[in-house]
Amino acid sequence: MKFNKLTSWMAETKSLEVQNKEILSWLNEPGSITSRIKSFSNFRLKLLRDGPGEVDTAEDDLIITNYEENNIREVVLYSDEEPLIYAKSIIPLETIRLGLGILGNLKENPLGDILFSNPEIKKKYMLFAKFESNKKIFYGRKGIYTVKGYPFSVCEIFLINDS
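Residue numbers (this note's numbering): 1 to 163.
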């Protein structure tokens with residue numbers, strides 16, 4: 001999946017001027033997206049990519065671009081067989097080696113199951129942006145996390161068309 005970021009990353013959703021309340025509720029979800037989907041529908045994860053890769057400087061992942069070797073993981077989360085969320089995680093290999101090894105061996109397991117159950121993982125901050133794909137508008141968020149002081153990022157784009 002290819003998305004073009006239309007705005008800079010912003011610290012608050014109100015800066016994006018999102019009118020759709022459903023999209024806002026997903027952007028502002030404080031808990032696990034995976035758990036939220038499981039609470040109202042059949043959940044399925046489709047693994048698109050999981051392996052070594054370079055961080056695109058257009059992703060503005062300044063905290064991550066300082067690391068030479070990264071694992072890039074891309075998935076789509078489904079709700080009742082409908083794609084609901086595209087997620088991309090950038091995890092430096094140093095974070096996997098010295099922080100938490102399971103981050104490099106998730107396979108088809110949701111990262112959200114670990115994010116909210118492992119007390120060593122700390123959310124540093126969340127950023128929000130507007131995206132375009134195939135002339136449709138989408139909104140997303142990016143969380144920056146650390147485990148034992150080593151960073152990684154999780155970007156989630158909500159596949160609810162707002163155009």
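In this text, a Cβ means the ideal position worked out from N, Cα and C, and glycines have one as well.
From residue i to residue j, what distance separates their C-alpha atoms?
{"i": "Tyr150", "j": "Lys14", "result": "30 angstroms"}
{"i": "Ser32", "j": "Lys21", "result": "19 angstroms"}
{"i": "Glu74", "j": "Gly101", "result": "18 angstroms"}
{"i": "Ser35", "j": "Leu77", "result": "11 angstroms"}
{"i": "Lys46", "j": "Glu17", "result": "31 angstroms"}
{"i": "Met1", "j": "Glu108", "result": "18 angstroms"}
{"i": "Leu48", "j": "Asp80", "result": "18 angstroms"}
{"i": "Pro52", "j": "Leu93", "result": "9 angstroms"}
{"i": "Glu29", "j": "Leu98", "result": "29 angstroms"}
{"i": "Glu120", "j": "Thr95", "result": "12 angstroms"}
{"i": "Arg44", "j": "Leu84", "result": "10 angstroms"}
What did DSSP end up calling residue i once you bin it into helix, strand or coil?
{"i": "Phe3", "result": "coil"}
{"i": "Leu77", "result": "strand"}
{"i": "Glu164", "result": "As displayed, the chain neither begins before 1 nor continues past 163, which places residue 164 out of reach and without an answer."}
{"i": "Phe116", "result": "coil"}
{"i": "Ser133", "result": "strand"}
{"i": "Lys107", "result": "coil"}
{"i": "Leu100", "result": "coil"}
Would you grab the beta carbon distance between residue i and residue j for me? Rounded to a whole angstrom, and I think it's under 8 angstroms.
{"i": "Lys5", "j": "Ala129", "result": "5 angstroms"}
{"i": "Phe158", "j": "Gly140", "result": "6 angstroms"}
{"i": "Ile90", "j": "Val55", "result": "6 angstroms"}
{"i": "Gly3", "j": "Ser133", "result": "Inspection of the sequence shows that residue 3 is occupied by Phe rather than by Gly. Going by Cβ atoms, the distance from Phe3 to Ser133 rounds to 5 angstroms, so yes, they are a contact pair."}
{"i": "Asp162", "j": "Phe138", "result": "7 angstroms"}
{"i": "Leu127", "j": "Trp9", "result": "4 angstroms"}
How would you write the range of the beta strand (DSSP E) that residue i sits in, first residue to last?
{"i": "Asp56", "result": "Where Asp56 is concerned, there is no enclosing beta strand (DSSP E), given that its DSSP letter is neither H nor E."}
{"i": "Gly143", "result": "136-147"}
Per DSSP, residue i forms a beta bridge with which residues?
{"i": "Tyr86", "result": "Val76, Ile157"}
{"i": "Pro151", "result": "Thr146"}
{"i": "Lys122", "result": "Thr146"}
Residue i lies in the alpha helix (DSSP H); which residues open and close that run?
{"i": "Ile33", "result": "33-40"}
{"i": "Lys21", "result": "21-27"}
Just checking: is the beta-carbon of residue i within a distance shorter than 9 angstroms of some beta-carbon in chain D?
{"i": "Ser25", "result": "Although the question refers to chain D, the structure presented lacks it and comprises just one protein chain."}
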